[in-house]
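Taking UniProt numbering, the leading residue of the sequence shown gets 227, the next gets one more, and so forth.
Every residue gets a Cβ at the ideal spot worked out from N, C-alpha and C, and that includes glycine.
For reference, the structure discussed in these notes is given below.
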Amino acid sequence: DSKDFDDEVSSICPFCGVGCQVSLKVKDGAIVKADGINGPANEGRLCVKGRFGFDYIHHPHRLTKPLIRRDDAPEKGLNVDPGNPWTHFREATWEEALDAAAHGLGDLRSFYGGKSVAGFGSAKCTNEEAYLFQKLIRQAFGHNNVDHCTRLCHASSVAAMMENIGSGAVTATFNEIENADVAIVIGANPTENHPVAATFFKQFAKRGGELIVLDPRGQALKRHAAHMLQFRPGTDVALLNGIMNVIVEEKLYDRQYIEGFTEGFFEFREHIRAFTPERMAELCGIEAAQIRAVARSFARARAGMIFWGMGVSQHIHGTDNARCLISLALLCGHVGRPGTGLHPLRGQNNVQGASDAGLIPQVLPDYQNVTDPEVRELFRHIWKGTQIDATPGLTVVEIMDRVYRGEIRGMYILGENPAMSDPDVEHARKALAHLDHLVVQDIFLTETANYADVILPASAFPEKTGTVTNTNRQVQMGRKAVDAPGEAREDWRIIVDMANRLGLDWDYDTPRMVFNEMKMSMRSLHHITWSRLENEGAVTYPSLSNDDPGQPIVFGDGFPRRAGRAMFTPARVTPPAEVPDERYPMILTTGRQLEHWHTGSMTRRASVLDAVEPEANCSLHPKTLRKLGVEPGGHVRLTTRRGTITVMARADRAVAEDMVFLPFAYVEAAANILTNAALDPYGKIPEFKFAAVRVENP
Ligand code: SF4
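Dropping the structure here:
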């Protein structure tokens, strides 16, 4: 009954990249209920996180005042109680905290140069905030060492897409699956990680669509799949090359499409001939007949789509994996028509928008390369004379390495938690402890904030207005529903205050002013105005006119590359950076689970979600547990070359007998103590999905 609420506000779910629109019901200044509304991505649906995950914003651990590290504080480290931080921090006024934050970074700039300070921004902030943050680092410190969590999720996908189709965004919305005959889902577990998108996938299968799931781990979507290939972890390139070998040898490819829209096919065809399904099946631990069946289905389909997740991207060969998926779609002409397309399912709710807004070290907004003099000139003009550094910046893992070595001495971290999310996290934690000056802007005293010198209390998503962009390229309006608690402020205001204290002359009064400046350099926002977003709620880019709701499918008439042609890039089979041996005989893979979000700072403070999944856990095959002598619900010790954790074990037949799956949301058994920091050489993404591990009965 609407009388039960004081207000109802339409906004966007703050969790995954699906970008579900929600109606937030407000009573006495608090959100008491969330209902799905008819957004373009969710059509009224929500998953358990969107429906029950909101009360984290009212949790007593919320930061409500700026904090400054006490002069007599103990050593920096993971030992601060977020409910009682007073032995480490003291309350400060905003004036004092902003002065301390900015002067600390400014002093490093004066003594050691701008490159002594780096920035780590957030995919959980709005587009306007992401834009301001990257602008602050580039303008105030004179370099491009600013990154965000896309580095840890889809950087390799974006690298392959930029290289081969000239764009990093999806070529079709996931809703296009309703026009497909065949859809491949590889290295993704949508029922847990993109649950509302998964409902469209299930409907597709129910209507007779052929769903192909390719994943080392079983999953709920398997029940709806015509083919489920559970291949050996780390053999993605072998599997995909095997599939493409069949398409090439049986001449199932779309010759007309290849001639009209691609380049590099003849070299690619010669390359792929070595990857016979028999040889690849052996590497992948599956049957050659399965590879042939999938290849024939996809190639013969009238319309096929490919969806992928971090099982593809988080490998040292993540870029090669994505190159293969692009080649597969090009071979079959499955791009640019209804029911066709390439779709990397984005992780965080605004990872697409933060990337578009330039929160990436190599590129300025809209992926405009910092090495291009014309691009730098454009931004020099828009940013009132700022000289943009022509050197591509460092990625987040590279930044942490420089911090560890003492070359970077100060950081400004906005809404990210590298003390939990970085690979080989003890290395990242030691690096954070080395910093001379760390400013953390967040809503909770996160594990990263434990290392801060100054903590600036920021706003949760329903506490501010701004635009966000989901996995479908849909730019949507997130609206403020409630005030931030205590003295916490909207992030964009804090960034502006920091910029002005760092000597910049910024005069933004509203997010709308920022959005209008973004439009000056971002072609993707043509015909998308703040007023349209206020009125229409969402517009998909590209939008071709002021009344075009946007194009769900792109590249039907060519690609934004030389001569409009996409490129085939051959990929070779390479082993993971660390393979199992006698001491570490099993394979560790990490990921998310339905109820918890990334490092858990939000969902573990959402009462329903925490009640459903309160304890750190891992999944092992029942036979593996029996061999260990551990009952389901008992504990196992996991050890890699980097560290050890002890965690509750679940029996799960979806996990292979030589594998352990470990969610990374739990600080008390942090998965990234174990993971390998080895990087993909192109996308610079760490290999979260494969490490050699020893599993023991403690
Ligand atoms: Fe939120 Fe994603 Fe669930 Fe939608 S699917 S309600 S965006 S977590």
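field: CB of Arg831 within 8 Å of CB of His285, strictly
entry: For this step, residue 831 is matched to residue 605 along the sequence shown. For this step, residue 285 is matched to residue 59 along the sequence shown. The answer is yes: Cβ separation under 8 Å.
query: Name the DSSP bridge partner or partners of Tyr638?
result: Taking the first residue of the sequence shown as position 1, residue 638 is located at position 412. DSSP lists Gly345 and Val665 as partners of Tyr638.
query: Are Gly909 and Val384 close, meaning C-beta to C-beta below 8 Å?
result: The sequence position of residue 909 within the sequence shown is 683, counting from 1. The sequence position of residue 384 within the sequence shown is 158, counting from 1. A contact, by the Cβ cut-off of 8 Å.
message: Please identify the residue among Phe492, Ser827, Pro801 and Ala580 whose C-alpha is closest to the C-alpha of Ala904.
response: Looking up residue 904 in the sequence shown gives position 678. When only C-alpha atoms are compared, the closest one is Pro801.
- request: Name the one or two DSSP bridge partners that Pro889 has.
  value: Here residue 889 corresponds to residue number 663 of the sequence shown, with the count starting at 1. Pro889 has Gly817 as its beta-bridge partners, per DSSP.
task: Return helix, strand or coil for Leu864, following the three-state DSSP convention.
output: Here the question's residue 864 lines up with position 638 in the sequence shown. Note: Leu864 maps to strand in three-state DSSP.
message: Let me check one thing: in DSSP terms, what residues is Thr901 bridge-paired to?
response: Against the sequence shown, residue 901 aligns to sequence position 675. For Thr901, which the question treats as bridged, DSSP gives no partner whatsoever.
- prompt: Is Val244 near the ligand SAM, going by C-beta to nearest heavy atom under 7 Å?
  reply: With respect to the ligand SAM, the structure shown offers nothing to examine, as its ligands consist of the ligand SF4.
message: Rounded to whole angstroms, what is the Cα-Cα separation between Pro503 and Val799?
response: The residue given as residue 503 occupies position 277 in the sequence shown. The residue given as residue 799 occupies position 573 in the sequence shown. Roughly 14 Å separates the two Cα atoms.
Where Cys242 falls: helix, strand or coil (DSSP): The residue labelled residue 242 in the question sits at position 16 within the sequence shown. DSSP places Cys242 in strand when its eight states are reduced to three.
task: Could you please give the first and the last residue of the uninterrupted alpha helix (DSSP H) stretch that includes Asn353?
output: To locate residue 353, count along the sequence shown from 1; it is residue 127. It spans Asn353 to Phe367 - the alpha helix (DSSP H) in which Asn353 sits, taken as one unbroken run.
query: At a cut of 8 Å, does the region 358-367 reach the region 329-346 through at least three beta carbon pairs?
result: yes
Beta strand (DSSP E) segment containing Phe491, residue limits: Position 265 of the sequence shown, counted from the start, is the residue given in the question as residue 491. Careful: Phe491 lies outside any beta strand (DSSP E), inside the alpha helix (DSSP H) at Phe491 to Ile498.
message: Contact defined as beta carbons within less than 8 Å: I believe Gly262 pairs with Leu272. What is the distance between those atoms, to the nearest angstrom?
response: Taking the first residue of the sequence shown as position 1, residue 262 is located at position 36. Taking the first residue of the sequence shown as position 1, residue 272 is located at position 46. Yes, Gly262 and Leu272 are in contact; Cβ-Cβ is about 4 Å, under 8 Å.
query: Less than 7 Å between the CB of Cys379 and some heavy atom of the ligand SF4, yes or no?
result: To locate residue 379, count along the sequence shown from 1; it is residue 153. No.
- request: Kindly indicate which three-state DSSP category Thr674 falls into: helix, strand or coil?
  value: As a first step, residue 674 is located in the sequence shown; it is residue number 448 there, counting from the start. Coil at Thr674, not helix or strand.
- request: Please find out if some non-hydrogen atom of the ligand SF4 comes closer than 7 Å to the beta-carbon of residue 927.
  value: Nothing can be reported for residue 927: it is not among the residues displayed for the chain, which extend from 227 to 924.
Ala835 CB to nearest heavy atom of the ligand SF4 below 7 Å: For the purposes of this step, residue 835 is taken as residue 609 along the sequence shown, with counting starting at 1. For the sequence presented, residue 835 should be read as Leu rather than Ala. Outside the cutoff, so no.
Cutoff 6 Å; reference Glu354; Cβ partners in own chain excluding five residues on either side: Sequence index remark: in the sequence shown, residue 354 carries index 128 (1-based). The residues are Gly692, Trp718, Pro737, Val740 and Phe741.
message: If you measure between the beta carbons of Arg868 and Glu652, is that distance less than 8 Å?
response: Counted from its first residue, the sequence shown places residue 868 at position 642. Counted from its first residue, the sequence shown places residue 652 at position 426. A contact, by the Cβ cut-off of 8 Å.
query: Just the Cα atoms here: how many angstroms apart are Ser348 and Arg499?
result: For this step, residue 348 is matched to residue 122 along the sequence shown. For this step, residue 499 is matched to residue 273 along the sequence shown. The straight-line gap from Cα to Cα measures roughly 43 Å.
field: First and last residue of the uninterrupted beta strand (DSSP E) at Asp261
entry: Walking along the sequence shown from the start, residue 261 turns up at place 35. First-last of the beta strand (DSSP E) with Asp261: Ala256 to Gly262.
C-beta atoms of Phe794 and Leu465 nearer than 8 Å: Residue numbering aside, residue 794 sits at position 568 when the sequence shown is read from its first letter. Residue numbering aside, residue 465 sits at position 239 when the sequence shown is read from its first letter. Cβ distance not < 8 Å, so Phe794 and Leu465 don't count as in contact.
message: Between Met746 and Ile608, how many whole angstroms is the CB-CB distance? I'm expecting something under 8 Å.
response: As a working mapping, residue 746 is identified with position 520 in the sequence shown. As a working mapping, residue 608 is identified with position 382 in the sequence shown. The pair is a contact, with the Cβ atoms about 5 Å apart (cut-off 8 Å).
- request: Reducing DSSP to helix, strand and coil, say where Cys558 ends up.
  value: By 1-based counting over the sequence shown, the position of residue 558 is 332. In the structure shown, Cys558 sits in coil (DSSP, three-state: anything other than H, G, I, E or B).
query: Under the rule that 16 or more other beta-carbon atoms within 10 Å means buried, what is Ser757, buried or exposed?
result: Taking the first residue of the sequence shown as 1, we reach residue 757 at position 531. Classified as exposed, Ser757 has fewer than 16 neighbouring CB atoms from the shown chains inside 10 Å of its CB.
query: Can we count Arg266 as close to the ligand SF4, meaning its CB is less than 7 Å from some heavy atom?
result: Position 40 of the sequence shown, counting from 1, holds the residue named residue 266. A small correction: the amino acid at residue 266 is Pro; Arg does not occupy that position in the sequence shown. Flag unset: Cβ of Pro266 not near the ligand SF4.
query: Cα separation between Asn467 and Phe426?
result: Counted from its first residue, the sequence shown places residue 467 at position 241. Counted from its first residue, the sequence shown places residue 426 at position 200. A direct Cα-to-Cα measurement between Asn467 and Phe426 gives close to 28 Å.
task: Could you tell me whether any non-hydrogen atom of the ligand SF4 is closer than 7 Å to the CB of Pro688?
output: As a first step, residue 688 is located in the sequence shown; it is residue number 462 there, counting from the start. Not under cutoff, so the answer is no.
message: Can you tell me whether Cys844 is helix, strand or coil according to DSSP?
response: What you label residue 844 is simply residue 618 of the sequence shown in a count that begins at 1. In the structure shown, Cys844 sits in a strand (DSSP, three-state: E or B).
query: For Val306, which of Thr674, Gly394 and Glu633 has the nearest alpha-carbon?
result: In the sequence shown, counting from the first residue as 1, residue 306 sits at position 80. Nearest C-alpha to Val306: Thr674.
message: Check for me: the beta strand (DSSP E) holding Pro570 runs from which residue to which?
response: Position 344 of the sequence shown, counted from the first residue, corresponds to residue 570. Note, Pro570: beta strand (DSSP E), Gly567 to Pro570.
- prompt: Can you name the residues that DSSP bridges to Thr488?
  reply: As a first step, residue 488 must be located in the sequence shown, where it is residue number 262. DSSP, once it has assigned bridges, lists Ala792 as partnering Thr488.
message: Distance check for Met536 and Arg727, CA to CA, integer angstroms please.
response: Here residue 727 corresponds to residue number 501 of the sequence shown, with the count starting at 1. Here residue 536 corresponds to residue number 310 of the sequence shown, with the count starting at 1. If you take the alpha carbons of Arg727 and Met536, they lie about 39 Å apart.
- request: Let me know the secondary structure DSSP gives Ala527 once reduced to three states.
  value: Counting from 1 along the sequence shown, the entry for residue 527 is found at position 301. Looking at Ala527 - three-state DSSP - the assignment turns out to be coil, as it is neither helix nor strand.
message: Using CA atoms only, rank isn't needed, just tell me which of Gly784, Pro683 and Tyr483 is closest to Ala318.
response: For this step, residue 318 is matched to residue 92 along the sequence shown. Ranking the options by Cα distance to Ala318, first place goes to Pro683.
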